[in-house]
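Same order as they appear, the protein sequences are chains A and B.
Counting the first sequence from 1 gives a position; our numbering is that position plus 261.
Counting the second sequence from 1 gives a position; our numbering is that position plus 261.
Cβ atoms here follow ideal geometry from the backbone N, Cα and C, with glycine treated the same way.
On a predicted model such as this, the values are computed, not experimentally measured, just so you know.
Protein chains: 2
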Amino acid sequence: MSQLTGASYQLPKSSDDDKAGIDDFLSRNPSKPVIVVQGLGFVGGVMSLVCANAISCEYAVIGIDLPTPESYWKIRSFNEGVLPLKSSDSKVTEYFERACKKGNHYTTFDTYAYAHADIVIVDVNLDVQKQSSPEGELSEFDVDMAPFSGAIEAIANNCKPSVLIIVETTVPPGTCEKIVLPILRRGLSDRNLPTDSFRLGHSYERVMPGPNYIDSIQNYYRVYSGVDEESAVTTEKFLKTIIHTDEYPLTRLQGTNATEMAKVLENSYRAMNIAFMVEWSRFAEEAGVNLYDVVNAIRLRPTHSNLMYPGIGVGGYCLTKDALLASWARQNLIGKRQPLSQSESAININDQMPRFSFEYFQNIYPKLKGARILFLGVSYRGDVGDTRYSPVEKLFNYFSAVGAIVTCHDPYVKYWDEKSLEIEQDLNTHLSISPDIIIITTGHSIYKSKKIIDSLFALNTIFIYDTIGLLSADQIKFLEQKHTIKVLGRGDL
Amino acid sequence: MSQLTGASYQLPKSSDDDKAGIDDFLSRNPSKPVIVVQGLGFVGGVMSLVCANAISCEYAVIGIDLPTPESYWKIRSFNEGVLPLKSSDSKVTEYFERACKKGNHYTTFDTYAYAHADIVIVDVNLDVQKQSSPEGELSEFDVDMAPFSGAIEAIANNCKPSVLIIVETTVPPGTCEKIVLPILRRGLSDRNLPTDSFRLGHSYERVMPGPNYIDSIQNYYRVYSGVDEESAVTTEKFLKTIIHTDEYPLTRLQGTNATEMAKVLENSYRAMNIAFMVEWSRFAEEAGVNLYDVVNAIRLRPTHSNLMYPGIGVGGYCLTKDALLASWARQNLIGKRQPLSQSESAININDQMPRFSFEYFQNIYPKLKGARILFLGVSYRGDVGDTRYSPVEKLFNYFSAVGAIVTCHDPYVKYWDEKSLEIEQDLNTHLSISPDIIIITTGHSIYKSKKIIDSLFALNTIFIYDTIGLLSADQIKFLEQKHTIKVLGRGDL
């Protein structure tokens with residue numbers, strides 16, 4: 262079912278194919294190089310639009326995904342001219358409309374598409390399976406390479422021998438050389454095709470859903486590599502057709518191990534920066550210190566400008582797992598079978614942040630049973646409708662477990678997948694039930710608007726708990742005249 | 262004995278005083294506000310020169326330190342017109358010469374100076390006592406507040422009741438309120454003086470010995486606070502007379518707990534950033550990846566621009582201990598008696614970096630017994646002559662322990678205090694003994710000069726080990742024609 266329009270689609274049967282649709286699309290786009298983007302998620306979906314609106318080449322772009330309940334509706338939706346994602350970046354709609362008009366964008370589930378691809382861009386997921394204690398502590402994790410390998414096999418069993426394959430998926434370092442390359446060689450050799458003319462590059466994406474969604478692909482620094490010189494050169498040539506490399510120059514690294522490592526290192530570093538602040542938040546609360554002020558003072562130093570603020574936790578697809586991909590690779594693909602303990606520990610600490618946020622509040626407000634609590638935001642990131650691994654989910658569970666009655670608002674999320682919850686979009690409806698407590702759980706900028714602050718002020722006396730430091734000093738002063746305010750990491754309140 | 266001129270001084274007896282010297286100095290500087298800078302180390306020594314060359318006020322500045330073998334020579338040296346520190350920042354000499362000419366700078370050991378101070382700036386040390394295993398692992402640590410408290414008592418027992426005291430020393434959060442304030446009140450009250458007219462501020466320094474020594478005081482962001490409003494205001498007024506606050510605006514925090522926390526948080530963060538790279542260096546070496554290239558690629562992102570490079574270890578007075586000061590404070594001064602475990606662990610990891618650097622090399626070159634090794638640099642920082650807690654010391658010990666014969670060169674260090682070693686200043690003398698191995702241990706830029714690279718090339722075949730990535734790609738290519746090169750964090754070599 263479409264999560265945006267509610268339209269229902271019958272999943273194709275295993276005997277169904279889409280050859281006619283693909284052939285028809287290609288016949289309408291003769292002599293254009295064909296790109297197949299594998300995976301229509303947060304990266305692939307928008308990547309396919311960027312390719313269809315390339316800077317210096319006119320491509321015929323086919324997006325492909327599995328005919329599953331999670332993905333099939335997106336395939337249909339794209340082809341029906343309905344963008345299957347909600348974005349605060351108007352460029353996304355613009356790019357989609359232009360592609361529709363030009364007719365050079367098509368989506369399908371049929372692997373027959375690979376047979377026509379000059380370029381395949383791999384944007385499928387590669388997940389980590391985490392096991393955690395009820396307290397949120399990471400007890401074990403594993404990386405199941407099977408779904409990813411399966412996706413590569415689908416390419417290997419159908420592609421032309423001269424195809425260029427670019428892996429954008431965040432993978433454990435070593436994956437291109439030790440997993441992708443052998444699968445491709447085997448697939449071609451099994452079909453009695455030459456195994457020395459395909460090219461394999463790796464160039465990880467830095468996609469940020471949100472107001473700069475398109476720019477995070479087209480106007481941003483890219484790192485790339487190839488399994489050999491020819492692959493690197495071909496990858497570079499392609500990237501130059503879709504990215505403004507004059508302003509954001511490409512960086513080539515010596516091999517796929519290096520680029521694969523760069524991506525997970527980048528995200529492990531960010532996860533570590535967040536984890537670093539966790540115990541300092543506690544310390545600031547104990548010492549009566551406003552940690553936000555302290556961080557702002559330190560951030561004036563250019564070397565310290567990316568020090569993080571206190572917060573409710575880490576969400577999203579990357580930061581919650583990439584360090585584990587790296588640690589897994591060191592133990593299973595390349596390296597000394599030793600974990601990356603520190604980086605793992607960053608993930609572990611961050612996974613427990615929602616619990617800390619809950620416990621902090623529970624200490625102040627112990628009678629949570631029966632309390633009516635309104636969460637402002639369920640997305641893991643401000644101004645974005647993305648609930649993947651959102652820390653708000655854990656917070657929701659903790660409050661619910663002690664008998665609080667939690668309702669949620671989020672202007673970017675109509676249906677909260679992970680909790681199977683419809684989200685009432687009208688904030689006034691939420692406020693009209695007179696909550697006892699309002700918890701600011703996501704940094705949507707709308708929650709800072711005068712209108713909403715005034716609505717909060719108008720309520721009967723409540724408790725407001727800001728888990729991310731969204732409220733300004735003036736807003737706190739204003740609301741404090743009537744309500745009780747607590748902010749995570751602010752011991753001075 | 263003077264470490265620069267070799268001049269010997271008789272230490273004053275306990276009955277000796279310097280009243281006459283102080284009175285004479287003050288009579289030559291009538292009607293100037295008097296600043297006493299307590300502590301003539303890396304911070305206080307240069308701070309006293311900055312005060313004597315204030316921007317918008319003409320002060321009479323007295324530097325004071327203890328009449329100990331470590332400090333007394335500096336007191337004498339200043340007064341004799343010989344700068345007791347070697348610096349690559351020409352402004353230091355310039356400021357000293359100007360102060361000598363104006364005659365508004367004096368140094369003494371006599372606490373009588375405090376009686377005349379309008380402003381006292383506290384720049385004494387506050388050390389952490391670490392206990393480590395032979396492997397460099399931190400097993401225990403403690404903070405002995407006695408010497409610091411003693412320094413504050415010396416002020417409290419002599420100062421005017423209206424004095425402004427500014428603590429610049431990096432202290433455990435809580436120190437000004439819980440330690441300094443009570444000592445000052447007691448000292449004044451014991452002398453039957455009013456205890457409500459002194460002012461107490463905290464404004465931590467960010468002094469960087471090196472080419473921007475003076476600028477790191479005068480042209481840099483400052484954070485300050487006071488124990489009360491009046492103290493904060495007075496502190497601000499003073500800071501504006503010595504710092505270019507038009508360009509580098511001051512940041513006021515709400516209290517001394519906050520500024521004290523800011524300083525140790527800032528340095529803990531940097532220590533953590535360094536520690537983060539340690540296990541990634543190992544991983545890169547195992548994966549055949551050039552981690553420098555990877556880091557450079559990531560650094561293009563503004564949010565990741567301060568990602569650190571691999572290295573030999575952390576040295577200096579601050580980064581090796583500040584996280585421990587914070588953790589100690591959380592357990593002993595304010596907070597929940599819990600350690601800051603992560604931040605402590607950063608120190609612990611960094612303390613072991615010299616051992617990792619040693620083991621990496623030992624794996625490649627196991628026959629170290631009898632090998633003649635030349636270290637290039639003993640300072641902990643490039644282009645600076647500062648050996649305090651230098652990681653090179655630990656590396657020296659590891660190599661010596663397995664029977665290697667280590668000699669050291671450093672253009673900024675004539676005498677290596679911690680090892681009680683004279684350092685031969687002529688590099689050619691070192692090279693003439695034909696070392697088997699040369700290890701680049703400090704990033705002095707001179708070691709990148711064409712002249713030195715050519716000298717290295719001219720040697721008989723040797724092994725060159727770069728522990729800090731000083732050599733450029735071209736230099737490595739050049740030297741590799743003849744020698745074997747290894748660089749920490751470069752698995753591709």
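Taking a beta-carbon distance threshold of 8 Å, Tyr530 (chain B) counts as an interface residue toward chain A.
Assignment of beta strand (DSSP E) within the segment 456-503 of chain B, counting only whole runs of 3 or more residues, yields 460-463, 483-487 in chain order. Within 8 Å of the CB of Ser602 (chain A), the CB atoms of chain B belong to Glu540, in sequence order along the chain. At the C-beta level, Leu637 (chain B) and Pro696 (chain B) stay beyond 8 Å of one another.
Contact of Pro571 (chain B) with chain A is not assigned, every C-beta pair being separated by 8 Å or more.
Residue pairing for Ser716 (chain A): DSSP places it in no beta bridge.
At a cut-off of 8 Å, the C-beta of Gln686 (chain A) has no neighbouring C-beta in chain B. The C-alpha of Ala734 (chain B) lies about 18 Å from the C-alpha of Thr702 (chain B). Cβ contact annotation for Ala548 (chain B) (same chain, cutoff 8 Å, sequence separation greater than five): Gly752, in chain order. In the same chain as Lys743 (chain A), and ignoring 5 residues on each side of it, the C-beta atoms closer than 7 Å to its own belong to Phe718, Thr722, in chain order. When DSSP reads this structure, Ile382 (chain B) sits in a beta bridge with B:Val298, B:Ile427.
Apart from the 5 residues on each side of it in sequence, Gly572 (chain A) sits with its Cβ closer than 6 Å to the Cβ of Ile729 in its chain, given in chain order.
The Cβ atoms of Leu310 (chain B) and Ala360 (chain B) sit closer than 8 Å to each other.
Taking every protein chain shown into account, the CB of Ile316 (chain B) has fewer than 16 other CB atoms within 10 angstroms, so this residue is exposed.
When beta bridges are read from the DSSP output, Lys747 (chain A) appears opposite A:Tyr726. Listed in chain order, the beta strand (DSSP E) elements of length 3 or more contained wholly in the segment 263-323 of chain A are 295-299. Those residues of the segment 506-525 of chain A placed with their C-beta closer than 7 Å to a C-beta in chain B are Thr512, Leu514, Gln515, Asn518, Ala519, Met522, Ala523, ordered along the chain.
Among the residues of the segment 479-496 of chain A, those with a Cβ less than 7 Å away from any Cβ of chain B are Tyr482, Val484, in the order of the chain. Nearest C-alpha to Glu491 (chain A) among A:Ile475, A:Asp284, A:Ile427, A:Gln479: A:Ile427. Within the same chain, Ser477 come within 6 Å of Met469 (chain B) by CB-CB distance, once the 5 residues on both sides are set aside. Below 8 Å, too few C-beta pairs join the segment 539-558 of chain A and the segment 349-369 of chain A to call them touching: fewer than three. Unbroken alpha helix (DSSP H) runs of no fewer than 4 residues, entirely contained in the segment 348-395 of chain A, are found at 351-363, following chain order. Chain B places no beta carbon closer than 8 Å to that of Arg446 (chain A), leaving this residue out of the contacts. Contact between Thr517 (chain B) and Val484 (chain B) is absent: CB atoms are separated by about 11 Å, not below the 8 Å threshold. The beta carbon of Thr564 (chain A) sits closer than 8 Å to some beta carbon of chain B. Between Gly462 (chain B) and Thr495 (chain B) a beta carbon distance of about 7 Å is seen, short of the 8 Å cut, so the two are scored as contacting.
Residues of chain B whose Cβ lies closer than 7 Å to the Cβ of Val550 (chain A) are, in chain order, Asn518, Ala519, Met522.
One thing to note: Leu301 (chain B) has its Cβ no nearer than 8 Å to the Cβ of Lys347 (chain B). At a cut-off of 8 Å, the C-beta of Val441 (chain B) has no neighbouring C-beta in chain A.
Short of 7 Å from the beta carbon of Gly643 (chain A), and not among the five residues preceding or following it, lie these beta carbons of its own chain, in chain order: Thr703, Gly704, His705, Ser706.
According to the DSSP assignment, Glu605 (chain A) belongs to the alpha helix (DSSP H) that extends over 602-612. For His505 (chain A), the three-state secondary structure derived from DSSP is coil. If you draw a 10 Å sphere on the C-beta of Asn419 (chain B), you find 16 or more other C-beta atoms in it, and that means buried.
Neighbourhood of Asn567 (chain A) in chain B, by CB distance below 9 Å: Pro563, Thr564, His565, Ser566, Asn567, in chain order. By the neighbour-count criterion, in which 16 or more other beta carbons inside 10 Å mark a residue as buried, Asn480 (chain B) falls on the exposed side. Nearest in C-alpha terms to Gln599 (chain B), of all of B:Ser588, B:Val674, B:Asn609, B:Arg289, is B:Ser588.
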